[in-house]
Amino acid sequence: MEGAGGATNRGTTPGVEPADHPPDLRLAGLAVAAWLAALVCLHLTAPSAALLAATAAGLAALGAAHLLGVLGRPAGPVRRYGWIAVAVLIGVVCGASATAARLHVRDAGPLRALVDERVRVTAELVLRDDPRPIRGAPGRPATLLVATELTRLTDPDGRRVSAPVRMLVLATDPAWRGRLPGQRLTAEGRLTAPRGGDLTAAVLIVPGPPVAHGPPPWLQRAAGTLRAGLQRACAPLPDDQGGLLPGLVVGDTSRLPATVEEDFRATGMTHLNAVSGSNVAIVVGAVLLLVRWMRAGPGVAAVLCGLALVGFVILVRPSPSVVRAATMGAIGLAALAAGRPRAALPALSAAVAVLVLVDPDLAGDAGFALSVLATGGLLLLAPKWRDALRRRGVPAGVAEALAVPAAAQLACGPVVAGISGTVSLVAVPANLLVVPAIAPATVLGVLAAAVSPVWPAGAEFAAWLASWPAWWLVTVARVGARLPAGTLPWPGGVPGALLLAALTVALLLAARRPVVRRLVAVGTAAVILGTLPVRILASGWPPAGWVIVGCAVGQGDALVLPVAAGRAVVVDAGPEPSVVDGCLRRLGVREVSLLVVSHFHADHVGGVAGVFRGRRVVEVRTPGLAEPAAGRALVAAAGAVVLRATEAGWSYRAGGVELVALGPPYPLHGTRSDPNNNSLVLRATVAGVRILLAGDAETEEQRALLDRVPPDGLRAEVLKVAHHGSAYQDPAFLDAVRPAVALVEVGVDNDYGHPSPSLLARLARSGVRVLRTDTDGDVAVVTGRQGLAVVTRGVAPGRR
Numbered sequence: 073m074e075g076a077g078g079a080t081n082r083g084t085t086p087g088v089e090p091a092d093h094p095p096d097l098r099l100a101g102l103a104v105a106a107w108l109a110a111l112v113c114l115h116l117t118a119p120s121a122a123l124l125a126a127t128a129a130g131l132a133a134l135g136a137a138h139l140l141g142v143l144g145r146p147a148g149p150v151r152r153y154g155w156i157a158v159a160v161l162i163g164v165v166c167g168a169s170a171t172a173a174r175l176h177v178r179d180a181g182p183l184r185a186l187v188d189e190r191v192r193v194t195a196e197l198v199l200r201d202d203p204r205p206i207r208g209a210p211g212r213p214a215t216l217l218v219a220t221e222l223t224r225l226t227d228p229d230g231r232r233v234s235a236p237v238r239m240l241v242l243a244t245d246p247a248w249r250g251r252l253p254g255q256r257l258t259a260e261g262r263l264t265a266p267r268g269g270d271l272t273a274a275v276l277i278v279p280g281p282p283v284a285h286g287p288p289p290w291l292q293r294a295a296g297t298l299r300a301g302l303q304r305a306c307a308p309l310p311d312d313q314g315g316l317l318p319g320l321v322v323g324d325t326s327r328l329p330a331t332v333e334e335d336f337r338a339t340g341m342t343h344l345n346a347v348s349g350s351n352v353a354i355v356v357g358a359v360l361l362l363v364r365w366m367r368a369g370p371g372v373a374a375v376l377c378g379l380a381l382v383g384f385v386i387l388v389r390p391s392p393s394v395v396r397a398a399t400m401g402a403i404g405l406a407a408l409a410a411g412r413p414r415a416a417l418p419a420l421s422a423a424v425a426v427l428v429l430v431d432p433d434l435a436g437d438a439g440f441a442l443s444v445l446a447t448g449g450l451l452l453l454a455p456k457w458r459d460a461l462r463r464r465g466v467p468a469g470v471a472e473a474l475a476v477p478a479a480a481q482l483a484c485g486p487v488v489a490g491i492s493g494t495v496s497l498v499a500v501p502a503n504l505l506v507v508p509a510i511a512p513a514t515v516l517g518v519l520a521a522a523v524s525p526v527w528p529a530g531a532e533f534a535a536w537l538a539s540w541p542a543w544w545l546v547t548v549a550r551v552g553a554r555l556p557a558g559t560l561p562w563p564g565g566v567p568g569a570l571l572l573a574a575l576t577v578a579l580l581l582a583a584r585r586p587v588v589r590r591l592v593a594v595g596t597a598a599v600i601l602g603t604l605p606v607r608i609l610a611s612g613w614p615p616a617g618w619v620i621v622g623c624a625v626g627q628g629d630a631l632v633l634p635v636a637a638g639r640a641v642v643v644d645a646g647p648e649p650s651v652v653d654g655c656l657r658r659l660g661v662r663e664v665s666l667l668v669v670s671h672f673h674a675d676h677v678g679g680v681a682g683v684f685r686g687r688r689v690v691e692v693r694t695p696g697l698a699e700p701a702a703g704r705a706l707v708a709a710a711g712a713v714v715l716r717a718t719e720a721g722w723s724y725r726a727g728g729v730e731l732v733a734l735g736p737p738y739p740l741h742g743t744r745s746d747p748n749n750n751s752l753v754l755r756a757t758v759a760g761v762r763i764l765l766a767g768d769a770e771t772e773e774q775r776a777l778l779d780r781v782p783p784d785g786l787r788a789e790v791l792k793v794a795h796h797g798s799a800y801q802d803p804a805f806l807d808a809v810r811p812a813v814a815l816v817e818v819g820v821d822n823d824y825g826h827p828s829p830s831l832l833a834r835l836a837r838s839g840v841r842v843l844r845t846d847t848d849g850d851v852a853v854v855t856g857r858q859g860l861a862v863v864t865r866g867v868a869p870g871r872r
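Each residue of the sequence shown is one higher than the one before, starting from 73 at the first, in this note's numbering.
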C-alpha cells in the first residue's frame, strides 16, 4: 500500500494501519483553510473582499499545482507538503467563495435600505430553532431570542420584498414560547441592524404575538411531544437532577438551575448540557452493543444503528446544531466500527468542509468548534494515549477512562479559555469522575422520552433511575466548583484562545521526546506544588482587614459584612443565584449568620437561592411592607427559615458586626415607589467603621430619616448609595451622612441610566471615593493602620 510520501508498507495486516504511517493531511488542510476563510470573510464589511481573497487563493493554488507537476516526483516530504499547501489554498477558495455568495444575499440592497431606516414591517418567517429566553433587566418581561429564516416582508407602503435571509427576532410576548422549528409565522415589528460577524441580515423587534400559518412539520411535532414527555417525567425529581437530565439528553436547559449551570461552567463540564457528538455516540453505541450481544450481522447492525441515529435526531430536534452533532458522532462511530483510526481524520475533515460550505455561519459558532475539536481529540489523541497507558500496565478500561476526557479537554481547552477567560485546573479530573455516569443517564433519559407518550409511569421510573447518575454529575460539579484555585485567569477572546492553542500544540510536539516528557512532567509538578499553596493561602481576595464587600451581581444589590472566619452577614441577594453564590464562595462564606432583605424587588431577592446554596442561614430579616408579593414568596421558598419582619429600632450583634435599623421610621404610602421607600435602612459598625446601608430608599424615605433620626445617627464613613445611584437622592441626606467612601451597586450598561451623573459629580465635589461594581467588579473597604482603604477585584472577562 502506497502512502502519501511514496513509501510502501509490507507485511501489514489488512485493515490495520501501521503506527508510524504519516497521516494524510490534505483534506485536513482543506477543511481548516475553508473554516478560517469563512470565519474571516464573515467579519469583512464588503463581500467583494471575500471574492478577491478567493481569486488570489485560486491563482496561487493553480501556480503551486503547476509547479508540483513540473517537478515531477520529487522526494516524498516535498511532494507531500506541496500537495497539502495546494489543498489549503483550495480550501481558502471554497470557504471564501461560499461565504461571499451568502454575504451578497445577506446585504441585498432593498432589505439593507429598510434596515438602515429602521422601519416597521410585516415579516413572513420560518423558525430555525426553539425560542430561547435571554437575561434581561429584573422585573421586566423576559426577552425571547428567535432564530428565523425570512421569506418575505412588507414595508409601510405595502411593497413586498422577497429576501430569503436569516433574521433574528427579539420578542417579549409569551405567545412565542412553545413555537416549534419549521413553523411558518407572520410577525409585525421594527427592523434594526444586526451586530455583524454572521449571516444574520436584520433584527426584528416584535412587541406582539405571531400569527401561525399551519402546524410545524411532523418531525418537529414528534420531537416536541417527546421532549415535553421527558420534562413531565422529570418533574417529580429534585430541581437539580430534574433540570439537568433534559439538558444532558436533548440539550433542553429551560429548567436547569442557574447555580448548577455555573458549577458546570467552572468545572469545564458545560459541554454536557449541549447536544454533541458524544450524545450520538452514546446512544448509537448502546444500540451497537445490544446488536453485538444478539450476535446479529453487520448489515443488521448498520440498519439498527442508522435507525437509532435518525430517531435521536428526531428526539433532540433536527436543528442545524443537532445535525452537526449527529455528523460528528457518526464519524466517530464509523471509524470505531471500521477499526481504521487513520480513516477518521479524512472523514472528519470532509464533514467539516461540507458543513462549513453549506452553512458558513458555523465557522463562527463556538458549539461547532467544540464539537469538531472534541471529536478530533477523541479520534486522534485518545487512542494513542490509551495505548501508551496500556503499555505501562494500566488496565484497558482505566486507560480508556483516563485518555478520553483528557484528550477531549485538551482539544477544547483553547476555545473554552477564549470564551470564559479562565483555564480550569479541575476540568480533567471532574470529567474523568463523571465518565461512568454520563452513558447511563443519557440512555435512561432517552428511554424515558421514548416511552413517555405511551407509558408515562414507565417514563417516570426511567427518569428516576437516570436521576442517580445525574445526582453524581451535579455533586462532582458542585464540589469541583468550590475547590480553591480551581481556575486560573487567562486572556479572553481570540488572542487568549490562540495563545493556549499554540502552547498546546508546542507541548504535544515536544512531548514526543522522552526527555522532554520528563522535563514537562517535572516542570508541571513543580509549578503546581510551588504556586498552588500560594494561591490557596494568599489568593488576594478577600483582602485582609475587609469590613464590607459589595458583590458585582449586575443591576442589583448584594453586600457582605464579616462576622468571623467563614461566617458573615449578607444584605440583599442580587438578581441571580449563581452570581451571589460565586461572590460568597470567593469570600469563603460557609454560614450566613443573618440575611437581611432590604425590600422585595427582584434585583434584591432574585438570587436568594444562591445565598442558601450549600450554606446554613441562621436568620432572615425582612421589611414590614411585603410587596411585591412574588418577591416575598421567592425568599420564603428559598430555605426553611422563618421570615421576621423588622421595624426601626431593631438591633443585632454577632462577632464583629453590629446592626441598627434606622428606617423606614414609619410606613410610607403613596410615594413614587412604596417598596423602595419602605426599604430597611441599616447602620452597621464593623471594626469601628460605620457603614450606612440605604437599600433603595428614595427622596421620600431619605427625608423621613432626616426628620426622625438625629443628625449624628446618619453619619457614616462608608455609604452604600441608595437605589443604585439613581437621581432620586436628597442632597441634605448626603450631607448628613458625609461619607469618605461610597459604594454604588449597579449593572453594566443598564437601561435605567444608573448611576446618575449629577450624583457622581456631587460626590466627587465632596471628595468622596466612589466605587462602582459595573466598572470595578467586587469592591471591598478595608481598615488598617493607615485608616480606610479600598480594594477592587476587577470585572471578570465577559461581564462587561
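Glycine included, each C-beta is placed from N, C-alpha and C at the ideal position. No experiment lies behind these values; they were computed from the predicted model shown.
Between the alpha carbons of Ser798 and Leu697 lies a distance of about 22 Å.
For Thr297, there is no enclosing beta strand (DSSP E); the residue is part of the alpha helix (DSSP H) that begins and ends at Trp290 to Cys306.
Residues of the same chain with a CB within less than 6 Å of the CB of Tyr800, apart from the 5 flanking positions on each side, are Glu770 and Thr771 in chain order. Within the region 809-835, the complete beta strand (DSSP E) segments at least 3 residues long are 813-816, listed from N- to C-terminus. Under DSSP, the beta-bridge partners assigned to Ala274 are Met239. With a cut-off of 8 Å on Cβ pairs, the region 301-314 is not in contact with the region 273-291, counting fewer than three such pairs.
DSSP places Leu752 outside both helix and strand once states are collapsed to three, so it counts as coil.
In terms of Cβ geometry, Ala520 and Ala535 form a close pair [threshold 8 Å]. Tyr800 is bridged by DSSP to nothing; it lacks a bridge partner.
Using a Cβ-Cβ distance cut-off of 8 Å, the region 800-809 and the region 784-792 are in contact, since at least three pairs of beta carbons, one from each stretch, lie closer than that value. For the pair of segments examined, the region 154-167 was found to touch the region 424-432: the number of CB pairs separated by less than 8 Å reaches three. Ranking Pro586, Gly679 and Trp618 by CA distance to the CA of Val625 puts Gly679 first.
For the 8 Å CB-CB criterion, Arg844 and Val818 form a contact. Per the coordinates, the alpha-carbon of Asp768 lies some 8 Å from the alpha-carbon of His671. With 16 or more other Cβ atoms from the protein chains shown falling within 10 Å of its own Cβ, Arg639 counts as buried. For Ala698, no beta strand (DSSP E) run applies, since DSSP gives it neither H nor E. In the assembly as shown, Gln858 is an exposed residue. Its beta-carbon has fewer than 16 other beta-carbons within 10 Å. DSSP lists Val854 as the bridge partner or partners of Trp618. Within its own chain, the residues whose Cβ lies closer than 6 Å to the Cβ of Val356, once the five positions on either side in sequence are excluded, are Cys377, Ala380, Leu381 and Leu405, listed in chain order. Here Ser830 is exposed, its C-beta having fewer than 16 other C-beta atoms within 10 Å. Taking the C-beta atoms as reference points, Ala759 is found nearer than 8 Å to Gly728.
Selection Val498, Val632 and Arg262 evaluated against Asp644 yields Val632 as nearest (Cα-Cα). Here Ser234 is exposed, its C-beta having fewer than 16 other C-beta atoms within 10 Å. Taking the CA atoms as reference points, Leu320 sits about 24 Å from Leu420. By the neighbour-count definition (other C-beta atoms within 10 Å, threshold 16), Gly682 is a buried residue. Sequence-distant Cβ neighbours of Leu114 in its own chain, meaning closer than 7 Å and more than five residues away, are Thr171, Gly269, Asp270, Pro432, Ala435 and Gly436.
With contact defined as three or more Cβ pairs closer than 8 Å, the region 563-579 and the region 335-345 are not in contact. Comparing alpha-carbon positions, the option among Ile763, Thr223 and Val641 lying closest to Arg725 turns out to be Val641. Here Thr220 carries a strand assignment [DSSP, helix/strand/coil]. Runs of the alpha helix (DSSP H) lying entirely within the region 621-664 and spanning at least 4 residues, in chain order: 649-658. The beta carbon of Val487 sits closer than 7 Å to the beta carbons of Ala438, Ala441, Leu442, Leu445 and Ala569 from its chain, once the five residues preceding and following it are set aside; these are given in chain order. Under the criterion of beta carbons closer than 8 Å, Val518 and Leu387 qualify as touching, at roughly 7 Å. In the three-state scheme derived from DSSP, where H, G and I count as helix and E and B as strand, Glu730 is classed as strand.
Excluding sequence positions up to five before and after Leu102, its CB lies within less than 8 Å of the CB of Ala159, Val160, Ile162, Gly163, Cys166, Ser421 and Ala425, all in the same chain and listed in chain order. Within the same chain, Leu316, Gly319, Leu320, Gly323, Thr325, Leu328, Glu333 and Phe336 come within 8 Å of Asn345 by CB-CB distance, once the 5 residues on both sides are set aside. In summary, Met239 is buried, with 16 or more beta-carbon neighbours lying within 10 Å of its beta-carbon over all protein chains present.
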